[in-house]
Structures are given as structure tokens and as C-alpha cells.
Amino acid sequence: MIRFPIGKLSLGIAGALVSVSLAQAADYTFTFAHVLTEQTPNARAAVKFKEEVEKNSNGRIEINVRPAAQLGGDVEIIEQTQMGLVHIAIPPTGNLANFEPKMFLFDLPYLIKGEQSMKQLLDGEVGRELLGTLEKSNLHGVNYWGAGFRNITNNIREINQPDDLKNIKMRTLQAPTILATYRAWGANPTAMAYTEVYNGLQQGVVEGQENPLANIDSMKFYEVQKYMTLTGHAYHTYAAVMNKDAWESLPADLQKVMADAFDVARDYGRELTKQDEGQILEKIKGQIQIVELTDEGRQKFIERSEPIYKQFEANITPELLQRALKAAAVN
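Numbering (mature numbering (1 follows the signal peptide of the UniProt record, and there is no 0)), first residue to last: -25 to -1, 1 to 306.
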């Protein structure tokens, strides 16, 4: 804790004494890093988090938000958070699965079916249990944020069923579940940092990608893609995490301030996402061909995805997978 005393400083000019109040510094200063551009719902939620923490801690905690990959990509930010160089992050659970294999769960295609399904899985017992597994990686998991359901864009052809993805070079997260999913669907997936995707699409290094509408819009992927299919095949989940030592350095009252602010920001980001999605579709519909899956096409994606569940069942554990399927079984 740093404190500056309030006193009188003699300036030595005609013996005048001038009273100068020196501001008191915050007791704790934390860096919050993420890769999202500042207009996206979750980047705005990060600012909301900062405001809530600083207000409700009466200035005892200061949050420095570093957006738009200023401190690196998601993997780099996770590693910096583990080391305490960054204190707060919201990485995709797909990236966290490289540290905790049970996190493979959240990227299983068509597991989460809608908003209520998402809340029951992420905010319920299964989600909380998985957050606890991050402690061994020096991360304290608080809750889950999210950017909505992922959709597929590409430059080769309309995607109406998995066979249409054959041999298309798809960019994905560095996440084994997602890579395996696109292989099962017949595509040729490759991992690439989020910040490199626009140039990769523009230069033809990759021919397609998947993201929720907020990210497709903010990164202007529609400028370098011809087709978008509203597959809604996975909820793009972020885990809100803190460096474990930073979390444990806080007294109980400030831990509560932080936890409450994480929940406010999570709900704020989710609400912004819902509000924005209709506007985004209206905005980009003249710039990219938008395809809606038929019931038959969606069912083909679901059937082709079944082997992915078997492939990752051992990592997730059969017991946890069954509990997750039950929790997510509502629309």
C-alpha cells in the first residue's frame, strides 16, 4: 500500500506557504488484458468491470484495461496471467483447454443449444467445478463471459451441410476440440492468432474462419469473406480469470467487490451481445451472403459431430460429460 501524506510544502518564495494535497494511491493496481477491439460487447464489459470495481472499492483498487491485444494474443495473455505480469484476463475456454483438458467440454459442437442452455451449463454446478480446476495452473476462475454463438464464414462456397466444408482451409483457435471438429466436418483447419485472421483471409493463407457475430463485425471479416452460414454450432465462451496470487492478496471485502463486479460485467456483456446481433446482421447483409441452415442441414452437422464427443470423453471424463449434457439439455 502506498500513501502520500497531506501537508504544506514551503516554496521559499517571499516566505509563502502553499497547501498542496497529494492524491492517495490505490492499495491495489491490476492489469486487465484482452484481445478484443474496444467496441465489442465484452471489451465494453471490461470497462464496466473497471468502473464497478473502482467505485465499490472506494478507490482502493485501480484497474488498467489493456484491450485489442496490446499485450499479445490469448495464449500469451494466459501465460502472462499465470506469471503475474497480467492480473486479469478473459481468454476463450478453447485456449484454456491446453492447460486444463476438461475445458474441452465447452467447445463440443451443438452442446449448448440456446441462452437458457448456456446459463445452466456455464453458471451452474458444472461450470463452477471447471473454474476450480484452474487453480493448479495459478489461475483463479471467477465466472464465464461470452460473445454469442459462432458462425462460419468462407470464400469458397455456400455451406449448407458438413460436406460443403470439404478441403476448405479454416482458421480456428489453438484448441484441439475445434481443430478436431473441422477435420470431422471435412475441412482443413489450422490454428492462427485472432489478430492475424483478417490478413490471413485477405492473402488466402486461410479461406474461412468461425466467430460470433460481434467478432465478425468488429474485425470486419465480412470485407474479406463471401459467405456466412449461421451454424450457431458453439457458444464462444470466455473464462474470467485472475492470477491466483493477486486474488489471494485481496482481503475478503475486496474479493467480494471483485466477484460482484465480474458478475455485473458478465451480464452486461451478454445483454449487449443480444442487442447487437440483430443490428450486425442488418448492417452486413449487403456485404456478405448470409445462409441459414435448414433443419436437415443442422441435423447433418449434429450427426457428423458425434465422434468428437467420443474422442474427448476421456479428457473431460465420462461422468462430467453426462452431467454437462443434462445441464445443457434445455433450449
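Think of the CB as a built atom: it goes at the ideal place given N, C-alpha and C, for glycine as much as any other residue.
Here's the rule I'm using: 16 or more other beta-carbon atoms within 10 Å means buried, otherwise exposed. How should residue i be labelled?
| i | result |
| --- | --- |
| ASN33 | exposed |
| PHE24 | buried |
| SER(-5) | Any reading at SER(-5) is ruled out, since the residue's pLDDT is 30, under 50, leaving its predicted position unreliable. |
| MET58 | exposed |
| ASN70 | buried |
| PRO293 | exposed |
| ALA162 | buried |
| GLU185 | buried |
| GLN200 | buried |
| ASP270 | exposed |
| ALA209 | buried |
For the alpha helix (DSSP H) containing residue i, name the first residue and the last one.
| i | result |
| --- | --- |
| ASN290 | 270 to 291 |
| ASN70 | 68 to 71 |
| ALA221 | 219 to 223 |
| residue 332 | Given that the chain is displayed from residue -25 to residue 306, the structure contains no residue 332 and the question cannot be resolved. |
| LEU176 | 172 to 178 |
Let me make sure I understand the geometry here. Which of the options has the alpha-carbon closest to that of residue i?
| i | options | result |
| --- | --- | --- |
| MET167 | TRP160, PRO16, ARG146 and ALA302 | ARG146 |
| PHE79 | GLY175, ARG158 and PRO151 | PRO151 |
| THR12 | VAL216, LEU295, THR206 and THR170 | THR170 |
| TYR197 | GLU110, GLY102 and GLN264 | GLN264 |
| ALA1 | LEU229, GLU288, GLY261 and ILE255 | LEU229 |
Within the same chain, show all residues whose beta-carbon is closer than 8 Å to that of residue i, passing over the 5 residues directly before and after it, in chain order.
| i | result |
| --- | --- |
| residue 309 | Residue coverage of the chain in this structure runs from -25 to 306, which leaves residue 309 outside it and unanswerable. |
| GLN286 | ALA155 |
Which stretch, first to last residue, makes up the beta strand (DSSP E) that contains residue i?
| i | result |
| --- | --- |
| PRO164 | 163 to 166 |
| ILE191 | Per DSSP, ILE191 belongs to no beta strand (DSSP E); it is in the alpha helix (DSSP H), 188 to 193. |
| residue 311 | No answer is possible for residue 311: it lies beyond the span of the chain, which begins at -25 and ends at 306. |
| ILE38 | 36 to 41 |
| residue 307 | Only positions -25 to 306 of the chain appear in the structure, and residue 307 is not among them; the question remains open. |
| THR56 | Element bounds for THR56: not the beta strand (DSSP E) but the alpha helix (DSSP H), 49 to 58. |
| THR204 | 202 to 205 |
Quick one: what's got a C-beta closer than 6 Å to residue i's C-beta in the same chain, skipping five residues either side?
| i | result |
| --- | --- |
| LEU106 | GLY116 |
| PRO76 | ASN290 |
| THR4 | GLU37 |
| ALA236 | PHE24, GLU27 and VAL28 |
Using 8 Å as the limit for Cβ to Cβ distance, is residue i near chain D?
| i | result |
| --- | --- |
| GLU185 | Considering every chain present, this structure includes no chain D. It has just one protein chain. |
Below 7 Å CB to CB, which residues in the same chain sit around residue i once its five sequence neighbours on both sides are set aside?
| i | result |
| --- | --- |
| PRO137 | TRP160, GLY161, LYS275, PHE276 and ARG279 |
| VAL181 | LYS144, MET145, ARG146, THR165, MET167 and GLY175 |
Practice task
Run through the stretch 74 to 154 for me and flag every whole alpha helix (DSSP H) of 4 or more residues, listed as ranges in chain order.
Solution key: 90 to 97 and 100 to 107
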